[in-house]
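Visitor: Take full-length UniProt numbering: the final residue in the sequence shown is number 235, and no numbers are missing along the way.
Using N, Cα and C, we set each Cβ at its ideal position, and we do this for glycine too.
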Amino acid sequence: MTLQGKVALVTGGSRGIGRAIAEVLTAAGAKVAICHADDDAETVPVALSVRADVSSEADVISLFDRIEAELGTPEIVVNNAGILHEAPLAETTLADFDRVIAVNLRGGFLVAREAARRMESGRILNIASDLGLLGRENMAAYSASKGGIIALTRSMARELAPKILVNAIAPGPIDTDMTSPGAMSPEALAKDLDTPLARFGRPEEVAALATFLAGPQAGFITGQCYGVNGGSVMT
Ligand code: NAD
């Protein structure tokens with residue numbers, strides 16, 4: 001129980017990677033709050049579950065107010081909520097681009113800013129993507145949002161040290177609702193499986209690293225971005 005009694009927030013914690021992170025943090029003893037954007041969110045066994053849109057400044061402030069009132073000030077904040085957008089550049093509308101940036105990048109900024117305003121000490125962990133470094137055809141907006149999160153991570157790590165340590169995880173293809181490998185075209189599947197391990201990862205495999213980075217053994221690590229991606233080399 002390495003995180004006994006610590007208050008944690010996991011955005012996008014109702015499904016997929018966020019849910020797996022919420023579950024391992026809970027198992028490590030943390031009091032976990034999640035937020036999500038689902039109309040009919042599954043019940044997740046955490047201390048607090050709130051519907052809140054991370055792209056909304058008002059929602060993010062109310063979310064932190066509620067967590068502070070019900071659980072205490074968070075010491076671990078995981079910026080995980082995100083959406084995917086896939087379309088050729090020429091067919092990507094301004095509204096598409098703005099929405100992906102609003103959720104994935106502005107959302108990460110709003111949550112981290114609120115954390116920085118309230119936390120005395122602790123950890124911020126940003127779930128980026130290997131596409132934020134590698135890029136991919138038909139995913140310019142999504143890749144740009146994730147590249148932005150990695151830059152945000154490095155800047156915040158410098159500014160918030162030594163009180164708050166800030167790191168990013170850049171997953172490769174993980175089997176969740178976002179990717180739905182069962183519904184993919186053979187071409188798309190082949191692209192995702194083109195790694196040394198040639199398989200999709202499981203949300204738990206990302207969550208394992210998240211718990212380590214949130215815990216006491218990661219006290220000398222900040223400003224880093226780690227791949228959990230089946231072996232793609234990110235440069
Ligand atoms: P998912 O679609 O299974 O779950 C997304 C979660 O985010 C849900 O809880 C949803 O309610 C929440 N969410 C969406 N929009 C939101 C908003 N505006 N405000 C608050 N919550 C919102 O996705 P996932 O695959 O678990 O992905 C989680 C994170 O990991 C995302 O940031 C995603 O970009 C990143 N990621 C995923 C993969 C992958 O292969 N699955 C790879 C790299 C990075």
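(1) Can you look up K146 in the DSSP assignment and give me helix, strand or coil?
(2) I'd like to know whether the C-beta atoms of N167 and E86 end up nearer to each other than 8 Å.
(3) Measure the alpha-carbon distance for P45 versus E23 and round it to whole angstroms.
(4) Can you tell me whether E91 is buried or exposed, with buried defined as 16 or more other CB within 10 angstroms of its CB?
(5) By DSSP, does residue 252 sit in helix, in strand, or in coil?
(6) Going straight from the alpha carbon of I17 to that of K31, what length do you get?
(7) Where does the unbroken alpha helix (DSSP H) through P186 begin, and where does it stop?
(8) Which residues share a DSSP beta bridge with R117?
(9) Please confirm whether any heavy atom of ligand 1 lies closer than 7 Å to the CB of I174.
(10) Mind checking whether T222 and A28 have CB atoms under 8 Å apart?
(11) Hey, how far is the Cα of E159 from the Cα of D194?
(12) I need the straight-line Cα distance from G219 to L165, nearest angstrom please.
(13) Can you round the beta-carbon distance between A8 and P74 to whole angstroms, since I take them to be within the 8 Å contact cut?
(14) In terms of residues, what are the limits of the beta strand (DSSP E) holding L9?
(15) Measuring from the CB of A115, is there a heavy atom of ligand 1 at a distance below 7 Å?
(16) Look at the Cβ atom of A214, then the Cβ atom of L25, and state whether they are nearer than 8 Å.
(17) With a threshold of 7 Å on Cβ separation, who are the neighbours of L105 within its own chain once the five nearest residues in sequence on each side are excluded?
(18) What is the C-beta distance between G12 and H36, in whole angstroms, given that I count them as a contact (C-beta under 8 Å)?
(19) Rounded to the nearest angstrom, what separates A47 and A33 at their Cα positions?
Guide: Let me lay it out:
(1) helix
(2) no
(3) 8 Å
(4) exposed
(5) No information on residue 252 is available, as it lies outside the stretch 1 to 235 that the chain covers here.
(6) 18 Å
(7) P186 to D192
(8) Answer is none; R117 lacks a bridge partner.
(9) yes
(10) no
(11) 37 Å
(12) 8 Å
(13) 6 Å
(14) V7 to T11
(15) no
(16) yes
(17) S145, G148 and I149
(18) 6 Å
(19) 6 Å
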